[in-house]
Amino acid sequence: MCCVSIVDMTFGSPRRIDRSVLTQWWTDVTFLHWRVPPGAVQHLLPAGTRPDVVDGDTFVGLVAFRLCPLGWPALTDRWSFPETNVRLYTVDRQGRRGVVFLSMDASNLPFVLGARALAGLPYMWSDVEVRRDRGEVTYTCRRRWPHRPDATSTFTVRPGDPIARPSPLEEFLTARWGLHTSWLGRTTYLPNDHAPWDLRRATIIRCDDDLVASADIPVSGEPMSVLYSPGVQARFGVPSDASVRRETA
Numbered sequence: 110m111c112c113v114s115i116v117d118m119t120f121g122s123p124r125r126i127d128r129s130v131l132t133q134w135w136t137d138v139t140f141l142h143w144r145v146p147p148g149a150v151q152h153l154l155p156a157g158t159r160p161d162v163v164d165g166d167t168f169v170g171l172v173a174f175r176l177c178p179l180g181w182p183a184l185t186d187r188w189s190f191p192e193t194n195v196r197l198y199t200v201d202r203q204g205r206r207g208v209v210f211l212s213m214d215a216s217n218l219p220f221v222l223g224a225r226a227l228a229g230l231p232y233m234w235s236d237v238e239v240r241r242d243r244g245e246v247t248y249t250c251r252r253r254w255p256h257r258p259d260a261t262s263t264f265t266v267r268p269g270d271p272i273a274r275p276s277p278l279e280e281f282l283t284a285r286w287g288l289h290t291s292w293l294g295r296t297t298y299l300p301n302d303h304a305p306w307d308l309r310r311a312t313i314i315r316c317d318d319d320l321v322a323s324a325d326i327p328v329s330g331e332p333m334s335v336l337y338s339p340g341v342q343a344r345f346g347v348p349s350d351a352s353v354r355r356e357t358a
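Numbered per the working numbering, the sequence shown spans residues 110 to 358.
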C-alpha cells in the first residue's frame, strides 16, 4: 500500500452521493478521542486496510449520539434512539479514508438484529440513554448482548463555543467520508456524505468508560479531544469492494 495515493482530508464531503441507499439523522453528537499506537490496533482492522495516522499516531474514538434511522428530523422524537460507538480510523488499498466500528451499542433491538444480519455491523443490544440537564449532556450505556455483556459507559460533557475553523486534527477525527467493514469474507467500503459538522468545543465533566477497553484497546487518562455537534443528516451510497487495489493507467 506504500504507493497508493491517499485521498486528501476535506471538512466538506469530497463527493456527492446521487444514489443513496440509506439516510440517517444524527443529533447530540459527542466525540471523545485518545491517541493509540498504530501497531496496537492493526489486528482489529479488516483485511486490506491499515490505521490512518497523524504524526505517527492513530486514534480510538468513543462517539455517542441520538440516531433517527429514517433520516427525517420531524420523526426524531418518535423514531430515534441513542447509540454509542467505538471506532478506529483507516485507509484502504485504494487510498480511501474511513472508519471501522469495533462496537455499536444501541437500545433498539430490532434495529440491532437487522444491522447484524443484513450488514454484518458489530451492533450490540444495550441500555443507552442521552440526557440533557442545565447545559450538560450525559450519555450512559450498559451492554446486554452479545459481546461482553455488562460493559458500561457514562460520560458527561458541557458544549461550549462554536469552532469557526476546525484544526487539521479536528477534521481528521470527524470528517470521515466512508465506512470499512468485513462481511462474508470481504472488506467493503460504504461511502457517506453530509453537510460539514457544526462543531463545538466541549468540556468533559465525567468519564467512566469500559467500552473502549472491551474492544481490546488499552487507554488511560482523560480523552485528548472532546468535541460536540448538534448534528447532521447523513446519506450513504452504494458499497464497493475494498479487498483489491484498483489499478490505474
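Think of the CB as a built atom: it goes at the ideal place given N, C-alpha and C, for glycine as much as any other residue.
Residue i and residue j closer than 8 Å at C-beta
i, j, result
"Arg344", "Ile126", "yes"
"Val87", "Pro191", "The question about residue 87 has no answer, for the chain in this structure spans 110 to 358."
"Phe174", "Val138", "yes"
"Thr199", "Leu320", "no"
"Leu288", "Gly207", "yes"
"Trp143", "Phe120", "no"
"Phe210", "Arg196", "yes"
"Ala351", "Asp201", "yes"
"Val246", "Met233", "no"
"Thr249", "Arg315", "no"
"Trp306", "Val341", "yes"
"Val145", "Val328", "yes"
Residue i, buried or exposed, once every other Cβ within 10 Å from all chains shown has been counted against 16
i, result
"His256", "exposed"
"Asp161", "buried"
"Ala156", "exposed"
"Trp286", "buried"
"Gly372", "Residue 372 falls outside the range modelled here, since the chain spans only 110 to 358, and no answer is possible."
"Arg252", "buried"
"Ser235", "buried"
"Gly170", "buried"
"Asp318", "buried"
"Trp135", "buried"
Assumed close pair residue i, residue j - CB separation to whole angstroms, cut-off 8 Å
i, j, result
"His303", "Ser189", "Not really, about 16 Å apart at Cβ, beyond 8 Å."
"Thr290", "Leu299", "7 Å"
"Leu278", "Val163", "6 Å"
"Ser216", "Val237", "4 Å"
"Pro332", "Leu141", "4 Å"
Per DSSP, the bridge partner or partners of residue i
i, result
"Leu197", "Val169, Val209"
"Gly340", "Thr136"
"His152", "In the DSSP output, where bridge partners are listed per residue, His152 has none listed."
"Leu288", "Val208, Leu299"
"Val145", "Thr167"
"Leu282", "Paired residues: none, contrary to the question."
"Trp234", "Ala215, Trp254"
CB contact below 8 Å: residue i versus chain C
i, result
"Gly157", "Going by chain labels, chain C is absent from the structure shown, which holds only one protein chain."
ask   = Is it a yes or a no for the region 254-270 touching the region 118-136, going by three-plus beta-carbon pairs under 8 Å?
value = As far as the Cβ criterion goes, the region 254-270 does not touch the region 118-136, which means the pair count is below three.
message = Would you call the region 141-158 in contact with the region 295-312, where contact means no fewer than 3 C-beta pairs closer than 8 Å?
response = Note that the region 141-158 touches the region 295-312; at least 3 beta-carbon pairs, one per stretch, sit closer than 8 Å.
request  = Taking 8 Å as the threshold, find out whether the region 221-236 comes into contact with the region 268-277 through three or more Cβ pairs.
outcome  = no
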